[in-house]
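S.K.: Anchor point for the sequence shown: position 428 equals 417 in my numbering, and the numbering is continuous, going up by one each time. C-beta atoms are modelled at their ideal positions from N, C-alpha and C, and glycine is treated no differently.
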Amino acid sequence: GPTSFEALRTVNGQICATFREACQLHGLLEDDQQWDATMSEAAAAQSPARLRNLFALILAVCGPSSPKQLWESYKESLTEDILTNARRQNPGMNLDYTPDMFNHALIIIERTGKAKVLQECELIVWDECTMAHMYALEALNHTLQDLRNNGKNMGGVVVLIAGDFRQTLPVIPKGTMADELKACLKSSYLWRHVVPLKLSTNMRVHLRGDVSADRFAEQLLAIGNGKIPADPVSGLINISDNFCNIVESVEELKNTVFPNIQTQYKDHKWLCERAILAPKNVNVNAINLQIQQQLPGEAISYKSIDTVKDIDMVVQYPTEFLNSLEPSGMPPHNLRLKIGSSIMLLRNLDAPRLCNGTRLCVKTLMPHVIEATIMTGCAKGEDVFIPKIPLLPSDIPFEFTRLQFPVRLAFAMSINKAQGQSLKVAGVNLETPCFSHGQLYVACSRVGTGKNLYVFALDGKTKNIVYNTALQ
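1. Looking at the secondary structure, which residues open and close the beta strand (DSSP E) in which LYS352 lies?
2. Applying the criterion that 16 or more other CB atoms from any shown protein chain within 10 Å of the CB defines a buried residue, is LEU408 buried or exposed?
3. Just the C-alpha distance for VAL50 and LEU338, rounded to the nearest angstrom, thanks.
4. Please go through the stretch 287 to 341 and give each complete beta strand (DSSP E) segment of 3 or more residues, from N-terminal end onward.
5. Compare the Cα-Cα distances from PRO320 to each of GLY329, PRO307, ARG336 and SER330 and report the closest residue.
6. Quick check: what's the CA-CA separation for ARG263 versus LYS413?
7. Along the alpha helix (DSSP H) that carries LEU149, what are the first and last residues, could you check?
8. Would you decide whether THR101 is buried or exposed? Buried here means 16 or more other CB atoms lie within 10 Å of its CB.
9. Is it true that the stretch 338 to 351 meets the stretch 275 to 284, where meeting means three or more beta-carbon pairs spaced less than 8 Å apart?
10. Which stretch, first to last residue, makes up the alpha helix (DSSP H) that contains MET402?
11. Near LEU133, which residues of its chain fall below 7 Å by C-beta distance, leaving aside the five closest residues on each side in sequence?
12. Give the straight-line distance between the Cα atoms of VAL160 and MET123, rounded to the nearest whole angstrom.
13. For the putative contact between TYR443 and THR245, defined by C-beta atoms under 8 Å, what is the C-beta separation to the nearest angstrom?
14. Check each candidate in LEU40, PRO395 and LEU242 and name the one with the smallest Cα separation from ASP70.
15. By alpha-carbon positions, which one of ASP135, VAL222, ALA399 and ASN227 ends up nearest to LEU419?
16. Figure out for me which residue from GLY366, ASP372 and CYS367 has the closest Cα to the Cα of VAL358.
17. Using the beta-carbon count (16 or more within 10 Å), is PRO37 buried or exposed?
18. Could you pull out every residue in the same chain whose Cβ sits closer than 7 Å to the Cβ of LEU324, ignoring the five residues on either side in sequence?
In structure tokens, the structure reads:
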């Protein structure tokens, strides 16, 4: 560590004149230089289209104090491809940047308003609805009624909500079974207006064309419906080896799901079709760091800027305390990444390309921006820039903001976060048993065959929690 005050002011071999300057170079101060540095690093990649997406994201999410100044500083980089196309179309003319070109770039940056989309759409599809709090459905109802000036349910538009109540219910921090059921969509006054349509074929299983698929699907339903007999004393069920592959340790689980990762990680298809799932984040975080350590190269450390919103509470909640907090759904204070690491987005940045749950592979690590390749969804294979953004946790009894890249490692993920993900190979770490409705069912149903499902459970036994009320 530092051995003198001068050492404290030294950053990357440069001795700073003040401690503030040193903090600035370390990225520990939150101001508009953060966004300027982000744009500067991204502009060096010479990709105006992606740079425009990044600029729009900074304006929409990060709240720079001087957007116009940021535009003026980078408008030529943001418009470079427009000038190139104009020169290509007019080879005999010595064209340079014009106000019309800058205006055209701004038009491209401007997004079509979501309100207009909701006013004109005829069908809204809401997948994985069982995880949503009933207030979300009711809020959508009020929003559509207002936007469409229509007092009918959902403003008169058809809303298709798709989900399986065998899966996880809304997460209620420190909540009881009654709290989860009360927050469920079935508890909403709107539920009586829902017309149920039942699907009977497990397509994830069916599309594999596996002879044993029907048996696997039946066993999944037995888990989801709570029909697997449990020990009357311990409440545990047996994990059968004719249902999945039983492994003897977490280490074996990692090596089985991610064999030869030191070389295979470069194959994005291979990387995105596998993951290890666990009920709690403490197990997920440990596995993620252990797997990332196997990748070549040095890990880059990104430390967040954590600030209390109420300045009068700064003494009560010092920075060191804020740094130690790990709220659910938030990146850690000290985010360590390597090139080639699998990461997951934790916020909706640019739907439908960059959504909460989108998995990406790290391509380039810069001080203020990450370049990554999308591995899932409609924009698979596309390279994107991810900046640091201000994040506000929802499960902390006071308000604080964490400025950090909105990503986590995704070699492993929590079972709740995995809901909606389709995998070819899945590992399930049950050294800590499931603690909420539908978790075991969600974990086991990420794959289409038991041949690609690997489970570690102490003595081959675990809990299967099912709320029968939610299934009625």
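M.R.: On the basis of the coordinates in this document:
1. 348 to 354
2. In the sequence as displayed, the identity of residue 408 is Gln instead of Leu. By the 10 Å Cβ count, GLN408 comes out buried.
3. 8 Å
4. 289 to 292, 294 to 297, 323 to 326 and 331 to 334
5. ARG336
6. 6 Å
7. That residue, LEU149, is in no alpha helix (DSSP H); its beta strand (DSSP E) goes 147 to 150.
8. Residue placement at THR101 cannot be trusted, given a pLDDT of 42 that sits under 50; the coordinates are not used to answer.
9. no
10. That residue, MET402, is in no alpha helix (DSSP H); its beta strand (DSSP E) goes 401 to 403.
11. LEU107, MET143, GLY144 and VAL146
12. 12 Å
13. 5 Å
14. LEU40
15. ASN227
16. ASP372
17. buried
18. TYR291, GLN393 and PHE394
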